[in-house]
Amino acid sequence: MPTVSRICTLLMVTCALISPVFSQTTQASPTKNTVTPQKNTSAVKKNNTPKKRVKNTTQNLQSNTDSQNEIYAPSYSERADVMAQVPEMAQRLHLNADWVKSVIGQAKQLDQVKRFILPAPAGVAKNWNLYRGRFIDPIRIEGGVRFWEANQADIEKAERVYGVPAEIIVAIVGVESLYGKQMGNFRTIDALATLTFDFPTSHPRAPERQAFFKQELENLLVLSHHNQADPLQVKGSYAGAIGMPQFMPSSISKYAVDFDGDQKIDLQNSTSDVIGSVGNYFKSFGWVKGMPTHFPVKINPETANMPALLAADILPSFTPESFQEKGALLELNSPASSHTGKLALIELQNGPNPASYVAGTDNFYVITRYNWSSYYAMAVIELGQAIVNKRNAQ
Ligand SMILES: [Ca+2]
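Residue numbers (our numbering): 10 to 403.
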């Protein structure tokens, strides 16, 4: 597992030649012990609500117009309050103040970014079946089969090195960017500067989120400086995620790897680096080789001890015995009955219809470290299985 300094050393060699190719990992999330069980607190698409996904899709559709909008967007060089913050920021990050001033000054405030970052309106019912349908579709399944075939050696290597199943790695790339076809068209510096200096105050967690994006902006600056790369050239999602796996700047520093050995990390163009980086991300968050992500569970919400079962949310907290004592029943004589780890009752709401439930393991929880949503994790798992089934059927 490469250290940050080694990554930077690798990047420093070549990034000046290739301009910013780093992609952003998902947000570095706290360790398991410090994570509150609320889903969706992170940067990129970290939501359980299908509604938000609609917004993200809208973002993708609208991103073609971003370049036109950028032309008319105000530059931060015109904002005295922002530019006044540069000396302190540069000093704290040990960066050249003139360079930081130049970069921040050329960043633009984008109204679209401020709109997209707002959560879905209250009262929108979560609906797993709708959410699922957006990702488990023929195009994404067939794309996964092709991506797997085209990158088989790297995928098998990642399985060996990190212990993460091929289908999980492939499905992550499929869900995040449709295998590189939808990586976002916002300039990352514009997105992160907007979310740092003009985060919408109407957001329910505005101070927390603004502080997060400020850290990511600073990570982008530091990473670019170390890599001798131009931060103005990096493009990605409205929330600052970059490349096929949609890594945030802090995550590239921590988890991205040079998997093809060309001495640079390129998460926008090197599928090998992408595959290795996704594997390393999961390994770093505690992926257990060979452990299933979840088991089927039978539960009657009318009679089971639902408050107890749902209190810990997605954090695996129950032994199989205590799980079943509370009314969440596992299949007899199945892998679930011999599972030695803890379980969580994962509730997936279906709008007005009865919710779906599965018993999530520690590996299910690890997937939610990529995107803090049980709906996201389940979509990744099911897409991966659908890709496996399609491959086996050929
Ligand atoms: Ca590489």
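Glycine included, every Cβ here is placed at the ideal spot set by N, Cα and C.
Taking contact to mean 3 or more Cβ pairs, one atom from each stretch, closer than 8 Å, check whether the stretch 261 to 274 and the stretch 315 to 334 are in contact. No: the two stretches stay apart, fewer than three of their Cβ pairs being nearer than 8 Å.
As assigned by DSSP and simplified to three states, the class of Leu339: Within the sequence shown, residue 339 is the residue found at index 330, counting from 1. Three-state result, Leu339: strand.
Measuring alpha carbon to alpha carbon, tell me which residue in Val297, Asn136, Leu127 is nearest Ser365. Position 356 of the sequence shown, counting from 1, holds the residue named residue 365. Ranking the options by Cα distance to Ser365, first place goes to Asn136.
Same chain only: Cβ atoms within 6 Å of Glu391, ignoring 5 sequence neighbours per side: As a position in the sequence shown, residue 391 is number 382, starting the count at 1. Within the same chain, Ile145 come within 6 Å of Glu391 by CB-CB distance, once the 5 residues on both sides are set aside.
What does the Cβ neighbour count give for Thr312, buried or exposed, with the cut at 16 atoms within 10 Å? Indexing the sequence shown from 1 puts residue 312 at position 303. By the neighbour-count criterion, in which 16 or more other beta carbons inside 10 Å mark a residue as buried, Thr312 falls on the exposed side.
For Arg149, which residues of its own chain have a beta-carbon under 7 Å away from its beta-carbon, when the five flanking residues on both sides are left out? The sequence position of residue 149 within the sequence shown is 140, counting from 1. Taken in chain order, the residues that qualify are Gly183, Leu187, Leu392.
Does Ala134 pass the burial test, meaning 16 or more other C-beta atoms within 10 Å, or should it be called exposed? The residue labelled residue 134 in the question sits at position 125 within the sequence shown. Exposed is the call here.
Using a threshold of 7 Å, is the CB atom of Gly164 nearer than that to any non-hydrogen atom of ligand 1? For this step, residue 164 is matched to residue 155 along the sequence shown. Going by the sequence as given, residue 164 is Ile instead of Gly. False, no ligand heavy atom lies under 7 Å from that Cβ.
Tell me whether Asn401 sits in a helix, a strand or coil according to DSSP, three-state version. Locating residue 401 in the sequence shown gives position 392, where the first residue counts as 1. Annotated three-state conformation of Asn401 is helix, per DSSP.
Status (buried if at least 16 other CB within 10 Å, exposed otherwise) for Asn236: By one-based count along the sequence shown, residue 236 stands at place 227. By the neighbour-count criterion, in which a residue is buried when 16 or more other Cβ atoms sit within 10 angstroms of its Cβ, Asn236 is buried.
Start and end residues, alpha helix (DSSP H) containing Ser262: Taking the sequence shown and counting its residues from 1, the one referred to as residue 262 is at position 253. Start and end: 258 to 264.
Write down the C-beta distance between Val109 and Val95 rounded to the nearest angstrom, noting that I regard them as a contact closer than 8 Å. Indexing the sequence shown from 1 puts residue 109 at position 100. Indexing the sequence shown from 1 puts residue 95 at position 86. By a beta-carbon distance limit of 8 Å, Val109 contacts Val95. Their separation comes to about 5 Å.
Does DSSP classify Leu230 as helix, strand or coil? Position 221 of the sequence shown, counted from the start, is the residue given in the question as residue 230. When DSSP states are grouped into helix, strand and coil, Leu230 belongs to the helix group.
Environment of Lys190 [buried if 16+ CB atoms lie within 10 Å]: On the sequence shown, residue 190 is found 181 positions in, with the first residue counted as 1. Lys190 is exposed by the Cβ-count criterion.
Do three or more CB pairs link the stretch 208 to 219 to the stretch 250 to 266 at distances below 8 Å? No, the stretch 208 to 219 does not touch the stretch 250 to 266.
Nearest-angstrom Cα distance between Thr203 and Val122? Position 194 of the sequence shown, counted from the start, is the residue given in the question as residue 203. Position 113 of the sequence shown, counted from the start, is the residue given in the question as residue 122. Rounded to the nearest angstrom, the two C-alpha atoms are 7 Å apart.
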